[in-house]
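Mapping of the sequence shown onto our numbering: position 138 corresponds to residue 159, and the numbering continues sequentially without gaps.
All C-beta atoms, glycine included, are put in the ideal place defined by N, C-alpha and C.
Structure, as structure tokens:
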Amino acid sequence: MFKKHFSEEEKKYYNIIKNHRKNVKQAFELLQINFGELFANLTKKQFNHLKKQIDTHDLSKLKKEEFKAYCINFFCKEKTEIIQNNFDMACLHHHRTNPHHHQYWLLKRNDGELVALDIPQVNLLEMICDWWAFSIQEGDLCLINSWYETYKDKMILSKKTRETVEEILNKIKTKFKKIISF
22 MFKKHFSEEE KKYYNIIKNH RKNVKQAFEL LQINFGELFA NLTKKQFNHL
72 KKQIDTHDLS KLKKEEFKAY CINFFCKEKT EIIQNNFDMA CLHHHRTNPH
122 HHQYWLLKRN DGELVALDIP QVNLLEMICD WWAFSIQEGD LCLINSWYET
172 YKDKMILSKK TRETVEEILN KIKTKFKKII SF
């Protein structure tokens with residue numbers, strides 16, 4: 022961490038990150054227990070890399086490039102242009118340093134065309150865990166599906182990535198549709 026003393030908002034935001042990281046780990050465990058076939062094509066090296074990514078998930082949010090701007094944006098009632106710009110820069114840093122975000126896999130060609138690259142399985146599984154963590158937080162394991170339905174048209178994903186994401190989300194929905202909360 023970059024400083025010893027936190028404001029109340031910074032403590033709250035730190036705890037939000039800590040809780041989210043815990044939920045990402047729980048989502049990873051749920052994937053392994055219920056959908057082991059998703060890991061079948063991973064080599065041991067890839068699986069170990071994925072475990073490391075899960076263990077270090079979102080640690081960049083604790084770095085100076087992200088923490089303060091995220092915290093201010095999270096708790097600020099009035100968004101100024103400076104606050105928005107700082108938050109945008111923090112998001113850009115976060116997306117460019119964390120390949121579990123679909124934005125990481127967007128290529129803007131010199132002619133301006135935006136192309137979605139296929140997200141490798143390791144990063145895609147962490148992305149699902151990231152999304153699913155919010156369902157765990159809310160106590161509804163199927164919330165990820167309605168969240169995806171709300172935002173899918175705003176996501177630029179390759180055809181292969183979208184098909185894989187939707188296949189995984191369908192498995193989650195099918196498996197957990199009878200379980201409203203835990």
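Sheet register partners of residue 128 (DSSP bridge) = As a working note, residue 128 is residue 107 in the sequence shown. The bridge partners DSSP lists for residue 128 are 136.
request  = Please look up how many angstroms separate the CB atoms of residue 38 and residue 82, rounded, as I've assumed it's under 8 Å.
outcome  = The residue you call residue 38 lines up with position 17 of the sequence shown. The residue you call residue 82 lines up with position 61 of the sequence shown. About 5 Å separates the Cβ atoms of residue 38 and residue 82, confirming a contact at the 8 Å cut-off.
ask   = Per the contact definition of three or more C-beta pairs closer than 8 Å, is the segment 103-112 in contact with the segment 76-90?
value = Judged by Cβ distances under 8 Å, the segment 76-90 makes contact with the segment 103-112, as three or more pairs qualify.
query = Secondary structure at residue 150, three-state DSSP: helix, strand or coil?
reply = Taking the sequence shown and counting its residues from 1, one reaches residue 150 at position 129. The answer is helix: DSSP assigns residue 150 an H, G or I state.
inquiry  = Just to confirm before moving on: does the CB-CB distance between residue 138 and residue 167 stay below 8 Å?
reply    = Here residue 138 refers to the residue found at position 117 when the sequence shown is read from its first residue. Here residue 167 refers to the residue found at position 146 when the sequence shown is read from its first residue. Cβ atoms of residue 138 and residue 167: not closer than 8 Å.
Backbone secondary structure at residue 163 - three-state DSSP = Counting from one through the sequence shown, the residue named residue 163 turns up at place 142. DSSP places residue 163 in the coil class of the three-state scheme, outside both helix and strand.
request  = For residue 158, I'd like the list of residues in its chain whose CB is within less than 6 Å of its CB, leaving aside the five on either flank, ordered along the chain.
outcome  = What you label residue 158 is simply residue 137 of the sequence shown in a count that begins at 1. Here the set comprises 44.
ask   = When the Cα atoms are used, what is the spatial distance from residue 183 to residue 70?
value = The residue labelled residue 183 in the question sits at position 162 within the sequence shown. The residue labelled residue 70 in the question sits at position 49 within the sequence shown. Looking at the two C-alpha atoms, the distance is approximately 23 Å.
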